[in-house]
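Anchor point for the sequence shown: position 97 equals 246 in our numbering, and the numbering is continuous, going up by one each time.
Data block below; observations after.
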Amino acid sequence: MTTRDRAGCARHQIVRVGHADIGVLSLVIAEAFFSLAVCRWLIPDEPARRAAFPGYFRLYVEHAITDGLVETTPDRAAAALWIPGDGPGTPPDGYTGQLAALTGQHLGNFLAFDEQLARHHPAGTFHHHLAILAVFPDRQGQGIGTALLHAHHAVLEDQGTPAYLEASDNHTRRLYLDHGYTDRGSPIELADGVQMYPMWRDPLTGSAPGDGRFAKDHQGM
150 MTTRDRAGCA RHQIVRVGHA DIGVLSLVIA EAFFSLAVCR WLIPDEPARR AAFPGYFRLY
210 VEHAITDGLV ETTPDRAAAA LWIPGDGPGT PPDGYTGQLA ALTGQHLGNF LAFDEQLARH
270 HPAGTFHHHL AILAVFPDRQ GQGIGTALLH AHHAVLEDQG TPAYLEASDN HTRRLYLDHG
330 YTDRGSPIEL ADGVQMYPMW RDPLTGSAPG DGRFAKDHQG M
């Protein structure tokens, strides 16, 4: 799930996240995604959504730190969650129980959401999945999201590794087209006319597929 950041790429330092950052970045993502159509569908009631989302996105951040890479800025104004693999990942142990505790009567929407994302996720080719790219609302439009994209794209170019994401709406989809992504199959159809857009990016340089290693100098740029 990704949202938009409309400014061009400014110069921003990018740093790798540690476990101490999980709480604050979960809040950043919750605020950034609060009003997205897909999130309004997941939990229509605003107070319930606001209560559930920090814990829900904490599950994402914890999973990405364990199995992938999470990057941010020094002021923790944004988060990019990258998970390497060759298909949809396996949820961590206890995920469904934790999700049920967080979402209550809305659990069915979240399970349907996960099922649709997994169904559209490409399999058979190693890639990095941009599971989340989020910028805190009052920092959007300053090029932070673009800087996070460019930083990791540079590593993927060196490795010859493609990337995959699900754009949260058609406007965001058009922005990712400008960053080298292309549509991959039909939109992800959720209830009430809500759509997301699976997108794929082949590396622009590099001659061999990557092996999943992260560049050592990618922790601070």
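All C-beta atoms in this analysis are idealised placements derived from N, C-alpha and C, irrespective of residue type, glycine included.
Since we're looking at a predicted model, the values are computed, not measured.
Item                                                                                                                                                                          : Value
Indicate the three-state DSSP secondary structure (helix, strand or coil) for residue 368 in the structure shown.                                                             : Unreliable placement is indicated for residue 368, whose pLDDT of 27 sits below 50; no coordinate value is reported for it.
Consult DSSP for residue 309 and reduce its assignment to one of helix, strand or coil.                                                                                       : coil
Compute the Euclidean distance between the alpha carbons of residue 351 and residue 312, then round it to the nearest angstrom.                                               : 7 Å
Assess contact between the stretch 268 to 276 and the stretch 210 to 229, defined as three or more Cβ pairs (one per stretch) separated by less than 8 Å. Is contact present? : no
What are the complete beta strand (DSSP E) segments, minimum 3 residues, inside the stretch 160 to 238?                                                                       : 218 to 221, 227 to 234
Which residues mark the beginning and the end of the beta strand (DSSP E) in which residue 282 is found?                                                                      : 276 to 284
Are at least three pairs of beta-carbons, each pair with one atom in the stretch 195 to 211 and one in the stretch 173 to 182, less than 8 Å apart?                           : yes
So, at 8 Å on beta carbons, what are the nonlocal neighbours of residue 336 in its own chain, with the 5 sequence-adjacent residues on each side left out?                    : 344, 345, 346, 347
Thinking residue 262 and residue 326 are a contact (beta carbons under 8 Å), I'd like their distance in whole angstroms, please.                                              : With a Cβ gap of about 24 Å, residue 262 and residue 326 do not count as contacting.
So for residue 242, helix, strand or coil by DSSP?                                                                                                                            : coil
Looking at the structure shown, is residue 248 part of a helix, part of a strand, or coil, going by DSSP?                                                                     : helix
Thinking just about the alpha-carbon of each residue, which of 173, 181, 190, 341 is nearest to the one in residue 283?                                                       : 181
Going by DSSP in three states, residue 333 sits in which element: helix, strand or coil?                                                                                      : coil
Please report how far the alpha carbon of residue 314 lies from the alpha carbon of residue 211, in whole angstroms.                                                          : 19 Å
Are the stretch 252 to 259 and the stretch 284 to 292 in contact at 8 Å, needing three or more beta carbon pairs?                                                             : no
With 16 other CB atoms within 10 Å as the buried threshold, where does residue 317 fall?                                                                                      : buried
In the stretch 252 to 276, which residue ranges form an unbroken alpha helix (DSSP H) of at least 4 residues, counting only runs that do not cross its ends?                  : 256 to 269
Looking at C-alpha atoms only, which residue of 167, 187, 252, 281 is the closest neighbour of residue 319?                                                                   : 187
Between the beta-carbon of residue 270 and the beta-carbon of residue 237, is there less than 8 Å?                                                                            : yes
Closest to residue 214 by C-alpha separation, out of 166, 252, 328, would be which residue?                                                                                   : 166
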